[in-house]
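Colleague: Residue numbering for the sequence shown follows my numbering, starting at 4 and increasing by one per position. Before I ask anything, let me first share the structure, which is written out below as structure tokens.
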Amino acid sequence: MGFDLEKLRNKKSETEKLIKELEEKLSDRKEVFEKILRKEDKLYESMRATRDALELSRIEILLQKISEKKRKVKGEIEELERKLRGARRELEEINRRIEIIKPKKVRWITEYNTK
4 MGFDLEKLRN KKSETEKLIK ELEEKLSDRK EVFEKILRKE DKLYESMRAT
54 RDALELSRIE ILLQKISEKK RKVKGEIEEL ERKLRGARRE LEEINRRIEI
104 IKPKKVRWIT EYNTK
């Protein structure tokens with residue numbers, strides 16, 4: 004029983020490390036996504052301001068490339084969020100198992116019979 008408890012505690016620490024790594028990766032990908040959105044907004048502004056057809060076609064090509072990058076990064080973000088949800092569920096399950104297996108603290112109450 005103690006061996007299972009140690010295995011669960013080790014698995015808990017590994018899962019917590021995994022959650023931290025996934026959260027860091029997720030925040031990095033979200034920053035990249037925000038940069039892409041800002042760049043896309045700038046291109047839309049320059050597209051509205053331009054009157055040159057050649058410049059307009061160049062901006063449209065850049066927008067297509069950016070939208071491909073945006074889709075790719077958005078897919079990565081969704082994948083990381085799914086992994087993170089799964090890791091958090093696994094951590095909850097491990098914590099629940101630890102609570103079940105962990106020996107309970109019991110106080111013994113001594114009763115005296117007085118006559």
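Cβ atoms here follow ideal geometry from the backbone N, Cα and C, with glycine treated the same way.
Any idea if residue 25 is buried or exposed, counting beta-carbon neighbours within 10 angstroms, 16 or more meaning buried?
Modeller: The residue in question, residue 25, is buried, as its Cβ has 16 or more Cβ neighbours within 10 Å.
Colleague: Should residue 62 and residue 83 be called a contact, given that it needs their Cβ atoms to be closer than 7 Å?
Modeller: Not in contact: residue 62 and residue 83 (Cβ atoms no closer than 7 Å).
Colleague: Buried or exposed: which applies to residue 90, given that a residue is buried once 16 or more other Cβ atoms fall within 10 Å of its Cβ?
Modeller: Counting Cβ neighbours within 10 Å, residue 90 comes out buried, since at least 16 surround it.
Colleague: Within the same chain, show all residues whose beta-carbon is closer than 8 Å to that of residue 11, passing over the 5 residues directly before and after it, in chain order.
Modeller: Excluding sequence neighbours, residue 11 sits near 97, 100, 101 and 104.
Colleague: Is it the case that the Cβ atoms of residue 39 and residue 73 are separated by a distance below 7 Å?
Modeller: Their beta carbons are under 7 Å apart, which means residue 39 touches residue 73 by this criterion.
Colleague: What residue does the alpha helix (DSSP H) around residue 80 start on, and which one ends it?
Modeller: Per DSSP, residue 80 belongs to the alpha helix (DSSP H) from 56-104.
Colleague: Assign residue 18 to one of two classes, buried (16 or more other C-beta atoms within 10 Å of its C-beta) or exposed (fewer than that).
Modeller: Residue 18 is buried by the Cβ-count criterion.
Colleague: DSSP three-state label for residue 108, please.
Modeller: It is coil, neither helix nor strand.
Colleague: Below 8 Å on the Cβ atoms is my guess for residue 36 versus residue 64; work out the distance and round it to an integer in Å.
Modeller: About 21 Å; that fails the 8 Å criterion.
Colleague: Rounded to a whole number of angstroms, what is the C-alpha to C-alpha distance between residue 70 and residue 31?
Modeller: Spanning the two alpha carbons is a distance of roughly 19 Å.
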